[in-house]
Amino acid sequence: MLDYASLKVIWWLLVGVLLVGFAIMDGHDMGVGTLLPFVGKNDTERRVVINTVGPHWDGNQVWFITGGGAIFAAWPLVYATAFSGFYWAMLLVLWALFFRPVGFDYRSKIDNPTWRSVWDWGLFVGGTIPPLIFGVAFGNLLQGVPFHFDNNLLSTYDGSFWGLLNPFALLCGVVSSAMITFHGGVYLAHRTEGEIQQRAQRWVKVMGLLWLGGFTLAGIWLALGIDGYVITSAVQPDALPDPLAKTVSRVAGAWLGNYQRWPLTILLPLSAYLAGIAAMLLLSGGRSFAAFWASALALAGVIGTAGISMFPFVMPSSSSLSSSLTVWDSVSSQLTLELMLVATLIFMPLIILYTRWAYKVMGGKVTAAYVRENNHSAY
Amino acid sequence: MLDNVVDLSRLQFAVTALYHFLFVPLTIGMVWMLVIMEAVWLMTGKQVYQDMTRFWGKLFGINFALGVTTGITMEFQFGTNWAYYSHYVGDIFGTPLAIEGLMAFFLESTMIGLFFFGWERLSRKQHLLVTILMAIGTNLSALWILIANGWMQNPVGAEFSYQTMRMEMTDFAALLLNPDAQAKFVHTVSAGYVTGAMFVLSISSWYLLRGRNVEFARKSFRIAAAFGFASICSVIVLGDESGYTVGEAQQTKLAAIEAMWHTEAAPASFNLLAWPNETRMENDWQLSIPWVMGLIGTRSLSKEIPGIHEIMAQNRLRIQSGMLAVQALETVRRDRQNSAAKAVLEAHKQDLGFGLLLKKYTADVAHATPKMIAAAARDTIPRVAPMFWSFRLMVGMGMAMLLLFGWAFWASLKGNFQHRPRLLKLALYCLPLPWLSCELGWVVAEYGRQPWTIYGVLPTRLSVSTLSVESLYGSLAGFVGFYTVLLVVEMMLMVRFARQGPGSLGTGRYDNETAH
């Protein structure tokens with residue numbers, strides 16, 4: 006069986022995979038939600054837009070649920086500290102998500118313009134707030150979050166909700182929001198035709214420029230203006246996890262250290278740019294399916310960039326440096342990591358297989374005619 | 030007015046969990062009725078069975094949406110409001126939650142999309158397969174959640190580690206095969222099946238009373254009556270099973286449910302009715318049936334069931350032993366090399382949780398006074414009256430449903446039920462019973478575990494996040510506000526479509542067709 010240190014690294018990768026899966030799958034239906042009020046100009050058009058993700062949003066949302074569950078099981082200290090520390094931010098995400106199941110399922114069940122308009126904006130909120138807040142959260146992780154542990158590992162958050170909304174974090178929120186909307190736009194262009202498709206393509210261009218520009222700006226800011234964190238005591242990857250056993254200091258430019266240590270990791274930010282630009286080119290060339298996967302690769306590049314910049318840190322603490330949570334000391338026991346790895350290796354391929362089947366069954370363009378023919382059963 | 034984070038967190042959890050469980054049992058039960066209806070359609074080819082699947086599926090979908098909405102809250106809430114709990118037991122408790130996502134929730138949620146939208150694109154057999162997979166996913170979901178919950182009641186297969194300051198998994202099979210979890214699973218899903226059956230039975234009865242969609246309603250009534258009768262029998266038989274395991278793992282809960290203050294000579298009698306008095310710690314009066322409790326609780330005539338006073342006396346000893354464990358742990362956390370303290374901790378580890386109960390009264394557990402110890406021992410007993418009455422109400426409603434489903438099943442065998450308005454009216458008025466009894470069941474299970482989140486391991490008081498009272502009031506207000514609006518909207522849609530009936534499918538075959 007694998008040793009503890011390798012398991013810890015594997016779980017860092019797996020959490021990354023789950024986050025990327027969430028961004029690709031739930032991200033595209035959230036992006037569709039953001040674009041809904043702008044791309045759909047009348048009720049039929051909006052129903053077309055909604056039905057591109059109608060059969061899939063629920064399955065996609067499980068990436069989020071499972072991601073949460075996996076962090077709970079694999080990184081219980083991160084789950085406990087982040088969810089309670091970001092209390093109001095998490096509640097905003099949760100309450101925004103409330104609008105999605107009911108928005109999708111209830112909207113078209115009553116033929117009343119006000120009713121439908123309310124749920125359309127509900128789907129907008131449910132698609133827009135979560136990626137925005139996750140971006141803001143990543144922006145705060147990169148700067149360090151004010152929290153500390155007592156000797157019994159009870160975490161206390163030392164900051165305020167408003168402290169999370171600092172300029173760098175807001176910029177990260179814009180990047181995240183724009184890239185998810187971009188991704189949703191690419192998907193929408195793939196699944197629709199005519200005017201809706203053209204509008205989606207225009208949004209893709211705007212959002213593409215916004216997120217690539219924002220990503221560049223954030224990168225420069227990170228390199229020049231934000232201190233990274235380094236472990237200053239001896240690192241023992243296979244030790245029993247105890248966050249308080251190490252010492253940490255803040256060093257300018259430390260978040261760039263991994264790119265020097267492992268030069269190949271530069272491919273992550275690079276692929277974000279290349280795949281992002283490729284997605285735009287492929288889409289205007291009419292190859293929307295390839296564009297979708299290029300966009301997915303770009304998302305992976307962005308998330309990977311944030312992850313590798315901080316490695317081995319997961320949630321650095323700005324107010325109590327040694328309380329910082331890292332890949333080595335925020336994890337579950339070896340047995341739990343092993344079991345969860347086995348479960349993931351068994352079920353993840355199955356999930357991908359039947360998800361693929363579901364998309365294949367429901368594939369093809371969604372049109373106004375489809376909505377009319379399925380007036381009683383479509384969303 | 031509540032003024033502390035612990036009580037407010039408990040209130041918020043209770044509100045959101047009980048609310049979530051308004052939707053869960055109907056999903057768990059109705060999904061199998063959809064499987065039955067669709068399978069009959071596939072076998073007989075009669076159109077009405079497909080219409081039944083689609084119409085009841087529509088109502089199922091309205092309910093499912095809120096089940097999903099409120100379910101996310103549950104997963105968030107351990108982290109947001111029970112952070113120390115999440116750290117302390119995440120190593121064990123997080124695993125079934127994550128596996129639930131991977132194995133069950135993905136399946137259920139992907140298939141539900143195909144269930145609603147795949148009618149034209151899948152062959153009949155493929156569609157039935159989708160419905161079956163959705164049902165399996167839904168029920169597996171319940172299994173993993175109840176494995177997690179069963180572990181809270183009976184924490185097997187785990188051990189405390191002072192280095193990581195948490196419980197760690199030692200035996201996954203024990204977690205999986207926890208008898209509490211198994212008993213809870215069958216009891217809870219059967220209760221869900223009853224809920225699904227009651228829903229279809231009641232609404233079909235309403236159509237029959239009005240003489241609408243008679244063929245459709247008759248067929249639905251029959252399926253619901255048979256499915257419901259089998260399910261309610263299973264709830265009651267397996268409810269007894271769950272009483273039996275409670276007896277082994279959680280004698281406290283059993284004693285409180287039965288208002289059994291003193292240990293009786295075996296086999297103990299069963300208090301059919303009683304008036305528990307918390308201050309005197311006696312029943313003011315009671316009406317008992319000899320022997321019955323001993324038989325249910327221990328399946329024997331000779332084993333004793335401990336009463337509340339005896340349990341408190343045992344717990345007092347465990348608290349005293351736990352004091353040593355807490356003291357040793359504090360020493361070891363300061364000085365990892367202290368082998369004397371480690372030996373003490375090792376010897377008293379099993380009672381660590383009991384020692385932690387004293388944290389309510391003093392930060393310095395090692396010097397707790399006898400008065401504090403006595404108070405902590407008293408705390409180990411949940412309040413008896415709410416337990417006693419919740420349990421009896423739940424069982425009473427279960428028995429009422431047994432009679433109803435028995436009658437409905439008998440009438441549906443004879444085939445004359447549509448001309449029995451008294452049966453139909455009774456079925457209609459009994460609609461709320463499964464929901465009420467499910468909620469009471471959770472009150473018994475969760476309130477009865479107090480003062481613990483993890484029985485014998487982690488006191489509820491120590492499980493919460495470090496949050497302010499203001500934050501808790503704010504979030505609680507938000508949840509109550511959102512949930513009230515959502516409930517109004519859901520009920521409005523549900524009543525609207527139930528009233529309109531299968532005409533809402535727009536097939537042209539039923540009463541109440543509308544343009545939409």
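Just so you know, the protein sequences line up as chains W and E, in that order.
Under my numbering, the residues of the first sequence are numbered 6 to 384, in order.
Under my numbering, the residues of the second sequence are numbered 30 to 545, in order.
We treat Cβ as the ideally placed atom computed from N, Cα and C, and that holds for glycine.
Identify the continuous alpha helix (DSSP H) that holds residue i and give its terminal residues.
i: T310 of chain W; result: 293–315
i: V319 of chain W; result: No alpha helix (DSSP H) holds V319 of chain W; the beta strand (DSSP E) holding it covers 318–320.
i: W481 of chain E; result: Careful: W481 of chain E lies outside any alpha helix (DSSP H), inside the beta strand (DSSP E) at 481–483.
i: S461 of chain W; result: Coverage of chain W is limited to positions 6 through 384, which leaves residue 461 of chain W absent and any answer about it impossible.
i: E293 of chain E; result: Element bounds for E293 of chain E: n/a, residue is neither H nor E.
i: M81 of chain E; result: 76–110
i: R448 of chain W; result: Past the edges of chain W, shown from 6 to 384, lies residue 448 of chain W, and the structure says nothing about it.
i: M23 of chain E; result: What the structure shows of chain E is the stretch from 30 to 545, and residue 23 of chain E is not part of that stretch, so it cannot be assessed.
i: E378 of chain W; result: 373–378
i: R51 of chain W; result: 48–58
i: N117 of chain W; result: Careful: N117 of chain W lies outside any alpha helix (DSSP H) and carries neither H nor E.
Just curious, the beta strand (DSSP E) that residue i is in, first and last residue?
i: V150 of chain W; result: Unbroken run through V150 of chain W: none, as it is neither H nor E.
i: S160 of chain W; result: 160–162
i: V256 of chain W; result: 253–257
i: R195 of chain E; result: 195–198
Mapping the DSSP letters down to three states, classify residue i as helix, strand or coil.
i: G221 of chain E; result: helix
i: A187 of chain E; result: strand
i: G233 of chain W; result: strand
i: L301 of chain E; result: strand
i: M310 of chain E; result: coil
i: V60 of chain E; result: helix
i: Q206 of chain W; result: helix
i: E200 of chain W; result: helix
i: I410 of chain E; result: coil
i: Q529 of chain E; result: helix
i: F52 of chain E; result: coil
i: Q366 of chain E; result: coil
i: I318 of chain E; result: strand
i: A544 of chain E; result: Note that A544 of chain E scores 45 on pLDDT, short of 50, meaning its location in the model is unreliable; the coordinates nonetheless yield the value given after this. Correct three-state label for A544 of chain E: coil.
i: T331 of chain W; result: strand
i: L158 of chain E; result: helix
i: L19 of chain W; result: helix
i: A212 of chain E; result: helix
Return the residue from the list the options that minimises the CA-CA distance to residue i.
i: P42 of chain W; options: W:G127, W:I308, W:W267; result: W:G127
i: Q241 of chain W; options: W:V54, W:L23, W:V332; result: W:V332
i: A527 of chain E; options: E:Q182, E:R153, E:S231; result: E:S231
i: T224 of chain E; options: E:A294, E:D408, E:P461; result: E:P461
i: L302 of chain E; options: E:L432, E:L422, E:F511, E:Y117; result: E:L422
i: W436 of chain E; options: E:E542, E:M426, E:R449; result: E:R449
i: S293 of chain W; options: W:I138, W:A205, W:A373; result: W:A205
i: A284 of chain E; options: E:L386, E:G425, E:Q356, E:T409; result: E:T409
i: T310 of chain W; options: W:T221, W:N171, W:A79; result: W:T221
i: T193 of chain E; options: W:L342, W:P248, W:S181, W:G224; result: W:P248
For residue i versus residue j, is the C-beta distance shorter than 8 Å?
i: R362 of chain E; j: Y191 of chain E; result: yes
i: I57 of chain E; j: F256 of chain E; result: no
i: L126 of chain E; j: G74 of chain W; result: yes
i: I337 of chain E; j: I402 of chain E; result: no
i: W93 of chain W; j: F511 of chain E; result: no
i: Q339 of chain W; j: Y9 of chain W; result: yes
i: G369 of chain W; j: G142 of chain E; result: no
i: F299 of chain E; j: I318 of chain E; result: yes
i: S497 of chain E; j: Q66 of chain W; result: no
i: N263 of chain W; j: F318 of chain W; result: no
i: F228 of chain E; j: L55 of chain E; result: yes
i: T86 of chain W; j: F152 of chain W; result: yes
Q) For the stretch 95–114 of chain E, which residues have a CB atom closer than 9 Å to at least one CB atom of chain W, in sequence order? A) L95, G96, V97, T98, T99, G100, I101, T102, E104, F105, Q106, F107, G108, T109, N110, W111, A112, Y113, Y114
Q. In the stretch 57–82 of chain W, which residues sit with their C-beta less than 9 Å from some C-beta in chain E, listed in chain order?
A. G59, P60, H61, W62, D63, G64, N65, Q66, V67, W68, F69, I70, T71, G72, G73, G74, A75, I76, F77, A78, A79, W80, P81, L82
Q.
If the cut-off is 7 Å on Cβ atoms, which residues from the stretch 190–206 of chain W count as contacting chain E, listed in chain order?
A. none
**Q.** Interfacial residues, the stretch 94–107 of chain W to chain E, with Cβ spacing under 7 Å
**A.** M95, L96, L99, W100, L102, F103, P106, V107
Q: Can you give me, in chain order, the residues of the stretch 121–137 of chain E that have a beta carbon less than 9 Å from any beta carbon in chain W?
A: I121, F122, G123, T124, P125, L126, A127, I128, E129, G130, L131, M132, F134, F135, L136, E137
Q.
Beta carbons nearer than 9 Å to chain W: which residues of the stretch 367–384 of chain E have them?
A. none
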